[in-house]
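Below is one structure, written out as structure tokens; comments come after it.
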Amino acid sequence: MADSPFPTNAVTAAIMWGLFALGLLLGIVTDSVGVMIVVSSIGAVIHVVGLFQADEEDAV
């Protein structure tokens, strides 16, 4: 996986969009903006951490 960061980026992007969709759905069902923001933010953090890890692997 050190040869190409694409699988890591693709997986974390899929997780991010999945959690975004889940957060949007839960926000609509529970009528709570806070739930939507928290769940979506968790997905964004996972994606950003994955991007930084891929950059560190490229630097080594």
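Just so you know, the numbering used here puts 29 at position 29 of the sequence shown, and the rest follows in order with no gaps.
Every residue gets a Cβ at the ideal spot worked out from N, C-alpha and C, and that includes glycine.
Distance from the CA of D31 to the CA of L51, rounded to the nearest whole angstrom, comes to 32 Å. In the same chain as L19, and ignoring 5 residues on each side of it, the C-beta atoms closer than 7 Å to its own belong to V39, S40, I42, G43, in chain order. About 5 Å separates the beta carbons of I15 and I46, which is inside the 8 Å limit, making them a contact pair. In the structure shown, S32 falls within a coil segment according to DSSP collapsed to helix, strand and coil.
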